[in-house]
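Asker:
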Amino acid sequence: MGFSACENPGSVGSGLTDPTSEVVRDTVTINGLTSVDATSYSGEKNFFSAGRFNDPLFGSMDAIGYLKPNLPASSDTMKADAEMFLRLMYDLEQVSGDTIGTQQFDLYQINQYWRDRVLKVDRELSLGQKLGEFSVGSEDSLMINLSNLASEWVDDYRSWADSVRNDTTGTADSSYVYDAHGLALVPQNSNKILPLYRDSTRFVIQHPEADTFDVSLNRWGYYLDRGGNSTFPQGSIPLHSTYENVLNFKQLGIEQLDIQPPGLSRAVLVLHENTSALEQSLNGEPSTTKRAKEQVAFLHLADPEGLPDNIDPGVPLNNPTRLQGSYSPDEGVFRFDVTTLVENIIRNGFPEGREFFVTLPNDGVIKSTLIMTDSDQVPDGLKPKIIITSLKNINN
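If you're matching positions, the sequence shown starts at 1 in the numbering used here and goes up one per residue.
1) Can you tell me the Cβ-Cβ gap for Val-215 and Asn-70, rounded? I've got them flagged as a contact below 8 angstroms.
2) Nearest to Asn-248 by CA position, among Ser-138, Pro-56, Ile-371 and Val-118, is which residue?
3) Could you check which residue in Val-121, Lys-392 and Arg-354 has the C-alpha nearest to that of Ser-223?
4) Return the CA-CA distance between Leu-125 and Gly-227, expressed in angstroms with no decimal places.
5) Do Gln-109 and Trp-153 have their beta-carbon atoms positioned less than 8 angstroms apart in this structure?
6) Taking the alpha carbon of Pro-238 as the reference point, which residue from Phe-47, Lys-367 and Leu-127 has its own alpha carbon closest?
7) Taking the Cβ atom as the reference point for each residue, do Val-164 and Tyr-176 lie within a distance shorter than 8 angstroms?
8) How would you write the range of the beta strand (DSSP E) that Ile-386 sits in, first residue to last?
9) As a quick exercise: from Glu-305, Ile-100, Pro-313 and Pro-72, pick the residue whose alpha carbon is nearest that of Pro-286.
10) What first and last residue would you give for the beta strand (DSSP E) that runs through Val-164?
11) So, under 8 angstroms CB-CB, Gln-188 and Gln-104 are touching, yes? Tell me the CB distance rounded to an integer number of Å.
12) DSSP state of Tyr-197, grouped into three classes?
13) Considering only the alpha carbon of each residue, which of Ile-387, Leu-360 and Ser-151 lies closest to Tyr-243?
14) Per DSSP, Lys-192 is paired with what?
15) State the Cα-Cα distance for the pair Gly-43 and Arg-115, rounded to the nearest angstrom.
16) Alpha carbon to alpha carbon, how far is Gln-377 from Ser-4? Give it in angstroms, no decimals.
17) Using only the alpha-carbon positions, how far apart do Thr-171 and Tyr-178 sit?
18) Relative to the alpha-carbon of Leu-279, which residue among Arg-123, Thr-369 and Asp-155 has its alpha-carbon at the smallest distance?
19) Residues in its own chain within less than 8 angstroms of Asp-258 by CB, not counting five upstream and five downstream?
20) Nearest by alpha-carbon distance to Glu-355: which of Ser-281, Asn-310, Glu-343 and Asp-374 is it?
21) Which residue wins for smallest C-alpha separation from Asp-55, given the options Val-365, Asn-191 and Thr-169?
22) So Leu-252 is in the alpha helix (DSSP H); what residue range does that whole segment cover?
Below, the structure written as structure tokens:
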């Protein structure tokens, strides 16, 4: 770890501490920041992605969305004259690509049993026959008439619903779990990737002379195929929400500093984005093209042998092993308050067999950014660093 700077803002007033104490701010560069592959899960997130975008910086991204409906509630009956719709809703603010461009999809039937809880980002499911096609424009929601687009699939679904409603043994419900596999949204052109809301995506059943009802998702997830390796500016490494690349470093470098726990006031980890590369890479794209942007990141102190499970969502926030950092869009900086973490390390030593990892939230939205490293090509002010403010006694 490189010691970058030490500032002495001046003495502290007598109302705060010993009048002979002073506030000292130490800045230590984080050396050895690299990226590692910890490719994670894509199912059962708040979102699931579908679409295609040839990102000029991060390469081509081809996302196939997977979804399977629950069966109707026991109080709902899907009659023979009912029409079935698929309602898609997505977050316009988290689209990657041309936000007003038209994204075309083919609708396929999934041809294998799958569990969304263990579905990895890089696992592609086997698909059966093509059922139809549709497109998504600039709107943030769409109703797709499955009765027109995929009538045979709708008939099969109606049969499953009738079988389960009339079954008294429980075998029909089990058969639906293992033998009905759902639908795949397969992109056909390359305009944008849609982050589809899990809770708002519904299968809507409309009857001519009866109440309309909707059915929630039973399973959901996506597969991502990322194109060939991209060349990134020297001194910058990618950080992906999919965990294809997460940041890794071994130590904070605080062992160089003479700090006692009672004197520690604040410690902040600072990571800079390569904002110029991120912005300039989109100059050749339509003005309506953008990337999904994240407002938070996570710092993990974890066993490198346990990835990705030990850094995936589920560990409580803001404890010594998982801290949430905030993003400042004006500065292009992620900041993490690591005061308690640093105090624990000073008191108890660095935990054996642990390393640091930085991730973006793995919530089903495909997001990427570039982070500056400690490379010689990076100005000192943009290198990753920890800034520690402490009280020190002048007489000591």
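Ideal Cβ placement from N, Cα and C applies to all residues, glycine included. Note that this is a predicted model, so its numbers are computed, not measured.
Answerer: The relevant details are as follows:
1) For the purposes of this step, residue 215 is identified with residue 215 of the sequence shown, where counting begins at 1. For the purposes of this step, residue 70 is identified with residue 70 of the sequence shown, where counting begins at 1. Right, the Cβ-Cβ distance comes to about 5 angstroms (below 8 angstroms), so this counts as a contact.
2) Start at 1 with the first residue of the sequence shown, and residue 248 comes out as number 248. With distances taken between Cα atoms, Asn-248 lies closest to Ile-371.
3) Within the sequence shown, the letter at position 223 stands for residue 223. As written in the sequence, residue 223 is Tyr, which differs from the Ser given in the question. Per the Cα distances, Val-121.
4) Numbered from its first residue, the sequence shown carries residue 125 at position 125. Numbered from its first residue, the sequence shown carries residue 227 at position 227. For Leu-125 and Gly-227, the distance between alpha carbons rounds to 18 angstroms.
5) As a position in the sequence shown, residue 153 is number 153, starting the count at 1. As a position in the sequence shown, residue 109 is number 109, starting the count at 1. Yes, the Cβ-Cβ distance between Trp-153 and Gln-109 is below 8 angstroms.
6) Position 238 of the sequence shown, counted from the start, is the residue given in the question as residue 238. Closest option to Pro-238, Cα to Cα, is Lys-367.
7) Mapped onto the sequence shown, residue 164 falls at position 164. Mapped onto the sequence shown, residue 176 falls at position 176. Yes, they are a contact pair.
8) The count along the sequence shown starts at 1 and reaches residue 386 at position 386. Start and end: 385-393.
9) Position 286 of the sequence shown holds residue 286. For the residues Glu-305, Ile-100, Pro-313 and Pro-72, the minimum Cα distance to Pro-286 belongs to Ile-100.
10) Here residue 164 corresponds to residue number 164 of the sequence shown, with the count starting at 1. It is not in any beta strand (DSSP E) - Val-164 instead sits in the alpha helix (DSSP H) that spans 151-166.
11) On the sequence shown, position 188 is the one that residue 188 refers to. On the sequence shown, position 104 is the one that residue 104 refers to. Right, the Cβ-Cβ distance comes to about 4 angstroms (below 8 angstroms), so this counts as a contact.
12) Reading the sequence shown from its first residue, position 197 is the one you call residue 197. Correct three-state label for Tyr-197: strand.
13) Along the sequence shown, one-based indexing puts residue 243 at 243. Among Ile-387, Leu-360 and Ser-151, the Cα nearest to that of Tyr-243 belongs to Leu-360.
14) Taking the sequence shown and counting its residues from 1, one reaches residue 192 at position 192. For Lys-192, which the question treats as bridged, DSSP gives the partners Gly-97.
15) Here residue 43 refers to the residue found at position 43 of the sequence shown. Here residue 115 refers to the residue found at position 115 of the sequence shown. If you take the alpha carbons of Gly-43 and Arg-115, they lie about 8 angstroms apart.
16) Residue 4 sits at position 4 when you count from the first residue of the sequence shown. Residue 377 sits at position 377 when you count from the first residue of the sequence shown. Annotation note: pLDDT 48 at Ser-4 (below 50); position unreliable, coordinate value reported separately. Answer to the nearest angstrom: the Cα atoms are 16 angstroms apart.
17) Looking up residue 171 in the sequence shown gives position 171. Looking up residue 178 in the sequence shown gives position 178. If you take the alpha carbons of Thr-171 and Tyr-178, they lie about 11 angstroms apart.
18) The count along the sequence shown starts at 1 and reaches residue 279 at position 279. The sequence shown places Glu at residue 279, not Leu. Among Arg-123, Thr-369 and Asp-155, the Cα nearest to that of Glu-279 is on Thr-369.
19) Here residue 258 refers to the residue found at position 258 when the sequence shown is read from its first residue. Contacts found: Lys-392.
20) The residue you call residue 355 lines up with position 355 of the sequence shown. Closest by alpha carbon: Asn-310.
21) Sequence index remark: in the sequence shown, residue 55 carries index 55 (1-based). Cα-wise, what sits closest to Asp-55 is Asn-191.
22) Taking the sequence shown and counting its residues from 1, the one referred to as residue 252 is at position 252. It is not in any alpha helix (DSSP H) - Leu-252 carries neither H nor E in the DSSP assignment.
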